[in-house]
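The opening position of the sequence shown corresponds to residue 279 in my numbering, with each subsequent residue numbered one higher.
What follows is a single structure, written as structure tokens, with notes after it.
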Amino acid sequence: MIAGGGREALMFVGRFEWGLDEGGVEEDAPAAKALLHIGKDWVVLSGYEPGLWEMDDIDARLLGTWAGSDEMLTRAVKYILSDEQADVPVKSNVDWGRMVLMGKLAGKIHDARAVDLAGDGAAWLFIAADGGDQLLRYDPAKKAGENVTVKRKLASTSRAAAWSDFNRDGRCDLASWDGRGLSLHLQQADGTFQAKRPAIGQALKAGCTRLATLDCGAKGVALLASTPAGPFLLVIDKQGKVAAT
């Protein structure tokens, strides 16, 4: 979508229906409109000439249509186009509550995502940052954000991160790349995290730009690491041992 930019984007092109204005007068033919989703923003464009687009606005209201990543939006579109009976959960007439300050962070932020740590459907907010990763939760009783990083003993500093049940004990764990090495932060029965550095040899000697998880069935959970030298597959068994392939 953007030459040399290294980022995917999706653009939906069409025209609004041609009708009458508020005074009952026939409107001019509407300009072509495009809704460009890039990163986590929606950009509204107008096309007055073939092949030429002018930016109108970055419209936060469209986050009510889709508030996720380009990758997941691409998957949703492909799914809808591939299945005439596609079923996508939606919610209408939603009102957003007031803004809640969850906390202040230091250093560059590399990632932010919701994580179901307790397996009860309640979302916690994980922030990967140079100043130290943070775990935040919303306290409905206090109607405020709470930083539980110290309480949960999470001591990671992630530039790339992935969450999964790596040791198959039913609890969500963190795999973290801090720019120097890979560490696993395994969630204990009391909800705290215990860190360990698995031996991975020279698998990530070129660095790591992204981590993602794959289910390898009985073999364990696979950690797919994107590196400047190419992808590496790291299979983690129930004991937390890592085998690089």
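Every residue gets a Cβ at the ideal spot worked out from N, C-alpha and C, and that includes glycine.
Interface flag, residue i vs chain B, CB-CB below 7 Å
i, result
"Ala384", "No chain B is present in this structure, which holds just one protein chain."
Simplified DSSP assignment, three categories, for residue i
i, result
"Ala376", "The amino acid occupying residue 376 in the given sequence is Arg; Ala does not appear at that position. Coil at Arg376, not helix or strand."
"Ala338", "helix"
"Asp348", "helix"
"Val368", "coil"
"Ala354", "helix"
"Leu359", "helix"
"Gln412", "strand"
Presumed contact (8 Å Cβ cut-off) between residue i and residue j, rounded CB distance
i, j, result
"Ala477", "Phe510", "Not confirmed; about 14 Å, so no contact."
"Thr352", "Glu286", "7 Å"
"Val393", "Trp441", "5 Å"
"Leu492", "Ala503", "Contact doesn't hold; Cβ gap of about 11 Å is too wide."
Closest residue to residue i among the options (Cα-Cα distance)
i, options, result
"Asp456", "Gly469, Arg475, Thr470", "Arg475"
"Thr435", "Arg446, Pro418, Phe404, Tyr416", "Phe404"
"Leu413", "Ala433, Pro367, Leu340", "Ala433"
"Leu395", "Arg339, Arg449, Asp348, Gly409", "Arg449"
"Lys382", "Asn425, Ala354, Ala419", "Asn425"
"Asp515", "Asn445, Leu462, Gly479", "Asn445"
"Val520", "Leu501, Arg430, Pro506, Ala507", "Leu501"
"Ile336", "Gly329, Ser324, Pro328", "Ser324"
According to DSSP, residues forming a beta bridge with residue i
i, result
"Gln472", "Leu464"
"Trp320", "His315"
"Asp417", "Ala422"
"Glu286", "The partner list for Glu286 (beta bridge, DSSP) is empty, contrary to what the question assumes."
In chain order, which continuous runs of the beta strand (DSSP E) of length 3 or greater are located wholly inside the segment 424-467?
-> Correct list: 438-442, 451-455, 460-465.
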